[in-house]
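Peer 1: Dropping a structure here in structure tokens format, bear with me for questions.
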Amino acid sequence: MPELPEVEITRRGIAPHLEGQRVREVVVRQPHLRWPVPARLRSELPGQHIVAVRRRGKYLLLETEVGSAILHLGMSGSLHVVAAGTPPGKHDHVDIVFANGRSLRLRDPRRFGAVLWTTRPASSHKLLRALGPEPLSDAFDADYLFAASRGRRVSVKALIMDSKVVVGVGNIYASESLFLAGIRPQTPAGRIARRRYQRLVAAVRQVLAAAIEQGGTTLRDFTDSEGRPGYFQQRLQVYGRGGEPCPLCGGRIRSLQLGQRNTFYCPRCQH
DNA sequence: ACTGGCTCCTGAGGGC
DNA sequence: TGCCCTCAGGAGCCAG
């Protein structure tokens with residue numbers, strides 16, 4: 000399930016193969032993703048050169064002179080650069096074929112992902128316009144998060160998973176960050192003091208940066224663009240460890256449902 | 001303005 | 001070995 004670190008790993012893996020390349024063709028085998036793959040992608044992207052491969056939150060942007068392809072991996076999507084003639088698998092829905100004979104191939108069994116096209120600046124696209132700051136940028140600091148939490152009755156976990164508040168923090172890293180910060184996930188966001196948000200911001204940054212360094216988290220099937228798994232799952236302290244001893248205090252890690260999401264925490268270490 | 005619930009989809013994993 | 005059932009999960013969308 001790609002969160003920000005997995006998307007960033009993917010971006011770093013594909014960017015060197017894409018930048019400067021000219022698109023020859025877009026092959027859509029299954030247009031029914033989260034939203035229909037737009038016809039204009041197939042008519043307007045071919046002929047263009049990829050100028051840059053960027054990431055905004057969990058969105059990947061393939062930028063050209065005339066527009067940008069916007070990609071989202073949903074929860075089961077992955078991107079690989081394949082050689083011409085590589086036979087597509089059952090869930091290989093879209094190929095962006097380059098003049099050099101290689102293709103960027105999107106595989107997404109659950110089809111929660113998306114491939115879109117915009118000829119305006121990507122940042123003004125409906126899906127990107129209202130996104131919160133990048134968690135690894137200077138804009139994401141304790142003052143900002145504290146201010147964003149005032150008056151909010153949602154749990155602090157839901158707050159940091161809200162992409163309008165901060166992008167890229169998914170279910171796994173939310174639990175991990177709150178454990179590191181010593182904050183209970185279910186605490187109403189508006190009742191947490193500024194000083195504790197200081198710890199939380201530091202924890203989110205630390206967890207995400209460490210996950211990127213480890214190549215991401217592979218729970219089921221995430222691999223980078225070269226097919227390598229991530230190693231951060233070995234560093235997960237609480238996620239998926241309900242009933243196991245807490246790595247800090249030895250108490251039992253508890254799991255609960257929070258906003259329809261599986262949540263893990265240590266009742267002794269997190270308050 | 002907020003909030004919680006629903007929705008898309010398929011593979012994995014458990015029970016028997 | 002195989003079948004059926006349940007569930008995970010990003011995040012936009014909508015109703016209250």
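Just so you know, we're using numbering that gives the first Met the number 0 here: the first sequence kicks off at 0 and counts up by one. Idealized CB from N, CA, C, for every residue including glycine.
With a threshold of 8 Å, are at least 3 pairs of Cβ atoms found where one atom belongs to the segment 13-23 and the other to the segment 111-130?
Peer 2: Counting Cβ pairs under 8 Å, fewer than three are found: no touch.
Peer 1: Name, in chain order, the residues that DSSP records as bridge partners for residue 61.
Peer 2: Residue numbering aside, residue 61 sits at position 62 when the first sequence is read from its first letter. Answer is 52, 68, bridged to residue 61.
Peer 1: From the DSSP secondary-structure annotation, give me the bridge partner or partners of residue 116.
Peer 2: By one-based count along the first sequence, residue 116 stands at place 117. The partner list for residue 116 (beta bridge, DSSP) reads 68.
Peer 1: Buried or exposed for residue 272, please, with buried defined as at least 16 other CB atoms from any protein chain shown within 10 angstroms of its CB.
Peer 2: Outside the modelled stretch of the chain, which goes from 0 to 270, sits residue 272, for which no answer is possible.
Peer 1: Evaluate residue 274 with the Cβ neighbour count: other Cβ atoms within 10 Å of its Cβ, from every protein chain shown; 16 or more gives buried, anything less gives exposed.
Peer 2: Residue 274 lies beyond the range of the chain shown here (0 to 270); nothing can be said about it.
Peer 1: May I ask you to report which of helix, strand or coil DSSP gives residue 79?
Peer 2: The residue given as residue 79 occupies position 80 in the first sequence. Three-state result, residue 79: strand.
Peer 1: Whose CA, out of 109, 199, 229, 202, lies closest to the CA of residue 211?
Peer 2: As a position in the first sequence, residue 211 is number 212, starting the count at 1. Closest option to residue 211, Cα to Cα, is 229.
Peer 1: Just the Cα atoms here: how many angstroms apart are residue 72 and residue 241?
Peer 2: As a position in the first sequence, residue 72 is number 73, starting the count at 1. As a position in the first sequence, residue 241 is number 242, starting the count at 1. Approximately 27 Å, taken between the alpha carbons.
Peer 1: So, are the CB atoms of residue 2 and residue 196 less than 7 Å apart?
Peer 2: Here the question's residue 2 lines up with position 3 in the first sequence. Here the question's residue 196 lines up with position 197 in the first sequence. For residue 2 and residue 196, no; Cβs fall outside 7 Å.
Peer 1: Measure how close the beta-carbons of residue 170 and residue 99 come, nearest whole angstrom, since I'm counting them as under 8 Å.
Peer 2: As a working mapping, residue 170 is identified with position 171 in the first sequence. As a working mapping, residue 99 is identified with position 100 in the first sequence. Between residue 99 and residue 170 the Cβ distance is about 38 Å, and since that is not below 8 Å, they are no contact.
Peer 1: Would you report the Cα separation of residue 245 and residue 83, rounded to the nearest angstrom?
Peer 2: Taking the first residue of the first sequence as position 1, residue 245 is located at position 246. Taking the first residue of the first sequence as position 1, residue 83 is located at position 84. Answer to the nearest angstrom: the Cα atoms are 49 Å apart.
Peer 1: Over what stretch of residues does the beta strand (DSSP E) that includes residue 216 continue unbroken?
Peer 2: Counted from its first residue, the first sequence places residue 216 at position 217. Taken as a continuous stretch (DSSP letters only), residue 216 belongs to no beta strand (DSSP E), as it is neither H nor E.
Peer 1: Report yes or no: do three or more beta-carbon pairs, one from the segment 141-158 and one from the segment 100-116, lie closer than 8 Å?
Peer 2: Short answer: they don't touch.
Peer 1: On the three-state DSSP scale, how would you describe residue 142?
Peer 2: Taking the first residue of the first sequence as position 1, residue 142 is located at position 143. Helix.
Peer 1: Going by other Cβ atoms of all chains shown within 10 Å of its Cβ, with 16 needed for buried, is residue 5 buried or exposed?
Peer 2: Stepping through the first sequence from its first residue, residue 5 is reached at position 6. Buried is the call here.
Peer 1: Quick check: what's the CA-CA separation for residue 272 versus residue 236?
Peer 2: No answer is possible for residue 272: it lies beyond the span of the chain, which begins at 0 and ends at 270.
Peer 1: So, at 6 Å on beta carbons, what are the nonlocal neighbours of residue 113 in its own chain, with the 5 sequence-adjacent residues on each side left out?
Peer 2: Position 114 of the first sequence, counted from the first residue, corresponds to residue 113. Correct list, in chain order: 32, 33, 34, 71.
Peer 1: Take residue 58 as the anchor and find which of 77, 108, 48, 44 has the nearest alpha-carbon.
Peer 2: Here the question's residue 58 lines up with position 59 in the first sequence. The shortest C-alpha separation from residue 58 is found at 77.
Peer 1: Would you call the CB atoms of residue 151 and residue 188 closer than 7 Å?
Peer 2: The count along the first sequence starts at 1 and reaches residue 151 at position 152. The count along the first sequence starts at 1 and reaches residue 188 at position 189. Contact flag set, yes.
Peer 1: Specify, as a first and last residue, the run of the alpha helix (DSSP H) that residue 128 falls within.
Peer 2: What you label residue 128 is simply residue 129 of the first sequence in a count that begins at 1. Start and end: 125-128.
Peer 1: Rounded to the nearest angstrom, how far is the Cβ of residue 286 from that of residue 177, given a contact under 8 Å?
Peer 2: Summary: the structure shown does not reach residue 286, with the chain confined to residues 0 through 270, and so no result is reported for it.
Peer 1: Taking only three categories from DSSP, how would you classify residue 26?
Peer 2: One-based indexing of the first sequence puts residue 26 at position 27. Correct three-state label for residue 26: strand.
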